[in-house]
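Sequential numbering of the sequence shown, starting at 22, is according to my numbering. Using N, Cα and C, we set each Cβ at its ideal position, and we do this for glycine too. Here the structure is a predicted model, which means the values were calculated and not measured. Inspection log for the structure reproduced underneath, given as structure tokens.
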Amino acid sequence: MEGKEPVTPVGRLFVQEEMYHVVNCVMVVKNPINIESIKAEIKNSLLIQHPRFQSVLVRNNNGREYWKRTQNVNLDDHIFLVQDVKYPPNNTSGDEEIVNGYLADLAVSSPLSDDKPLWELHVLKDQNALVWRIHHALGDGVSLMSLILAMCRKVDQPDQLPTIPKSVKKNKRSCRGTIWELVMTVWLSFVYAVELLLTCLCSKREAKTSISGGSGVEFWPRKLATARFKIDDMKSVKNAVPNATINDVLFGVIAAGLSRYLDYHQPSDSKLLEGLRITGLGMVNLRKQPGIQV
């Protein structure tokens, strides 16, 4: 199709009805929000100049997806002022709970319209929160956060981008060490691929639990909850376990939380099954991109 750019294979996956995926990102600000200032900032930002944020998703006669650039992006079609949000419907809910409830509702009932570029900004004025809704076909979390950070500036230096700490460079390995690392990477990748294939082919159906899905699960009500962990505490745990990383600690927290949740919702006359296995899918981009990428 002339004048159109094909959607990447990963992007095509995310626009399928069975895999429709929108990234929801919340930014909370200290001062009251002026929506006209927000529009003016976005209008002159790198975000609105990015081709993906100026393109609509179209399909040819064969169903192949393409990006088609639009002549003009009307910010009023993308930026929405949301007021008087009450979730749950009472007067005792805190701002965090209200924002969580708003996000949970969006996850079920509000797909992005494909007659305009696939992004929106919801301004929750009373909660001083900005809710970005960006289709995953536009990019992953790393690239989208970099693009949003590129719109920000330092308080004491308005013309400077935020400073992102760079990772400490490791000592260079010897040639033998580099070759050995490459061999192990290839070998472990093969082992994990075979393990995944055998798991898919031979594993038994997982036991039904309180978090198991079912018919029409994509329309089931959602509940969003947040928790805070001190990074210093996570580092203490990481340092206590040989060769551990912050991600290992984070996944340990998630696993422990799931275990406690399942145990809490287990019927009183039964116990949580020993060795219960829950399969999840996590897509992670491992490319090395320190700093802000624009």
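Are the stretch 169-180 and the stretch 59-68 touching, with three or more C-beta to C-beta distances below 8 Å? yes
8 Å contact criterion, which Leu78 and Asp135 should meet: CB distance rounded: To locate residue 78, count along the sequence shown from 1; it is residue 57. To locate residue 135, count along the sequence shown from 1; it is residue 114. With a Cβ gap of about 5 Å, Leu78 and Asp135 count as contacting.
Which residue wins for smallest C-alpha separation from Lys251, given the options Lys51, Val207, Leu271 and Ala265? Here residue 251 refers to the residue found at position 230 when the sequence shown is read from its first residue. The shortest Cα separation from Lys251 among Lys51, Val207, Leu271 and Ala265 belongs to Leu271.
Where the beta strand (DSSP E) through Val79 begins and ends: Reading the sequence shown from its first residue, position 58 is the one you call residue 79. Per DSSP, Val79 belongs to the beta strand (DSSP E) from Ser76 to Arg80.
Since Trp140 is in the beta strand (DSSP E), which residue starts that stretch and which ends it? As a first step, residue 140 must be located in the sequence shown, where it is residue number 119. Here the beta strand (DSSP E) through Trp140 covers Trp140 to Leu145.
By DSSP, does Phe240 sit in helix, in strand, or in coil? Numbered from 1 along the sequence shown, position 219 holds the residue referred to as residue 240. Of the three classes helix, strand and coil, the one that applies to Phe240 here is helix, per DSSP.
Smallest Cα separation from Leu245: which of Glu117, Asp177, Thr29 and Asn82? As a position in the sequence shown, residue 245 is number 224, starting the count at 1. Checking every option, the nearest Cα to that of Leu245 belongs to Glu117.
What span of residues does the beta strand (DSSP E) with Asn83 cover, start to end? As a first step, residue 83 must be located in the sequence shown, where it is residue number 62. Asn83 -> no beta strand (DSSP E), and no H or E assigned at all.
Backbone CA spacing between Ile63 and Asp269 [nearest angstrom]: Locating residue 63 in the sequence shown gives position 42, counting from the first residue. Locating residue 269 in the sequence shown gives position 248, counting from the first residue. Answer to the nearest angstrom: the Cα atoms are 37 Å apart.
I'd like to know whether the C-beta atoms of Asn45 and Leu127 end up nearer to each other than 8 Å. As a position in the sequence shown, residue 45 is number 24, starting the count at 1. As a position in the sequence shown, residue 127 is number 106, starting the count at 1. In contact: Asn45 and Leu127 (Cβ atoms closer than 8 Å).
Status (buried if at least 16 other CB within 10 Å, exposed otherwise) for Pro72: The count along the sequence shown starts at 1 and reaches residue 72 at position 51. When all chains shown are included, Pro72 counts as exposed.
Limits of the unbroken alpha helix (DSSP H) element including Glu202: Reading the sequence shown from its first residue, position 181 is the one you call residue 202. Segment Cys196 to Cys223, the alpha helix (DSSP H) holding Glu202.
Asn268: first and last residue of the uninterrupted alpha helix (DSSP H) it sits in: Within the sequence shown, numbered from 1, the residue matching residue 268 stands at position 247. It spans Ile267 to Tyr285 - the alpha helix (DSSP H) in which Asn268 sits, taken as one unbroken run.
Take every Cβ of the stretch 274-282, pair it with every Cβ of the stretch 143-163, and state whether three or more of those distances are shorter than 8 Å. no
Proximity winner among Arg90, Ile119 and Lys256, relative to Gln104 (alpha-carbon distances): Reading the sequence shown from its first residue, position 83 is the one you call residue 104. Comparing Cα positions, the closest option is Ile119.
Continuous beta strand (DSSP E) stretch holding Ala125: start and end: Position 104 of the sequence shown, counted from the start, is the residue given in the question as residue 125. Where Ala125 is concerned, there is no enclosing beta strand (DSSP E), although the alpha helix (DSSP H) it sits in stretches over Asp116 to Ser130.
What's the C-alpha gap between Leu96 and Trp140? Here the question's residue 96 lines up with position 75 in the sequence shown. Here the question's residue 140 lines up with position 119 in the sequence shown. Distance between the alpha carbons of Leu96 and Trp140: 10 Å.
Ala171 - DSSP class collapsed to helix/strand/coil: As a first step, residue 171 must be located in the sequence shown, where it is residue number 150. Correct three-state label for Ala171: coil.
Just to confirm, is the Cβ distance from Phe17 to Val144 under 8 Å? Coverage of the chain is limited to positions 22 through 315, which leaves residue 17 absent and any answer about it impossible.
Does Arg73 come out as helix, strand or coil in the three-state DSSP assignment? Residue mapping note: residue 73 aligns to position 52 of the sequence shown, counting from 1. In this structure, Arg73 counts as helix in the three-state DSSP scheme.
Residue range of the unbroken alpha helix (DSSP H) whose run includes Phe35: Stepping through the sequence shown from its first residue, residue 35 is reached at position 14. Where Phe35 is concerned, the enclosing alpha helix (DSSP H) stretches over Pro30 to Val36.
heavy atom of the ligand SAM below 7 Å from Leu219 C-beta: The ligand SAM is absent from the structure shown, which contains no ligand whatsoever.
Just the Cα atoms here: how many angstroms apart are Ala125 and Pro242? On the sequence shown, position 104 is the one that residue 125 refers to. On the sequence shown, position 221 is the one that residue 242 refers to. Cα to Cα, the separation comes out at about 8 Å.
What are the boundary residues of the beta strand (DSSP E) that Lys25 is part of? Here residue 25 refers to the residue found at position 4 when the sequence shown is read from its first residue. First-last of the beta strand (DSSP E) with Lys25: Lys25 to Pro27.
Of the residues Ala248, Lys60 and Glu26, the one placed nearest Leu151, counting alpha carbons only: Residue mapping note: residue 151 aligns to position 130 of the sequence shown, counting from 1. The candidate whose alpha carbon is nearest that of Leu151 is Lys60.
Taking the alpha-carbon positions, what's the Ile313 to Leu165 distance? Here residue 313 is taken as the residue at index 292 of the sequence shown, counted from 1. Here residue 165 is taken as the residue at index 144 of the sequence shown, counted from 1. Low confidence applies to Ile313: its pLDDT is 44, below 50, so where it sits in the model is not reliable, and the reading given next is rough at best. For Ile313 and Leu165, the distance between alpha carbons rounds to 10 Å.
Reduced DSSP secondary structure (H/G/I, E/B, other) of Ile313: If you number the sequence shown from 1, residue 313 lands on position 292. The predicted position of Ile313 is uncertain, since its pLDDT is 44 and thus under 50; a value taken from the coordinates is nonetheless stated next. Of the three classes helix, strand and coil, the one that applies to Ile313 here is coil, per DSSP.
Candidates Gly235, Cys223, Val47 and Arg85, of which the one nearest Asn121 by Cα: Stepping through the sequence shown from its first residue, residue 121 is reached at position 100. Ranking Gly235, Cys223, Val47 and Arg85 by Cα distance to Asn121 puts Val47 first.
Any idea which residues DSSP pairs Ala158 with across the strands? Here residue 158 corresponds to residue number 137 of the sequence shown, with the count starting at 1. None; Ala158 has no bridge partner.
Can you grab the Cα-Cα spacing for the pair Cys221 / Ala248, in whole Å? Here the question's residue 221 lines up with position 200 in the sequence shown. Here the question's residue 248 lines up with position 227 in the sequence shown. Each residue's alpha carbon lies about 33 Å from the other.
Using a threshold of 8 Å, state whether the C-beta atoms of His42 and His157 are closer than that. Locating residue 42 in the sequence shown gives position 21, where the first residue counts as 1. Locating residue 157 in the sequence shown gives position 136, where the first residue counts as 1. Result yes, Cβ atoms of His42 and His157 sit closer than 8 Å.
Residues that DSSP places opposite Val47 in a beta bridge: For the purposes of this step, residue 47 is taken as residue 26 along the sequence shown, with counting starting at 1. Val152.
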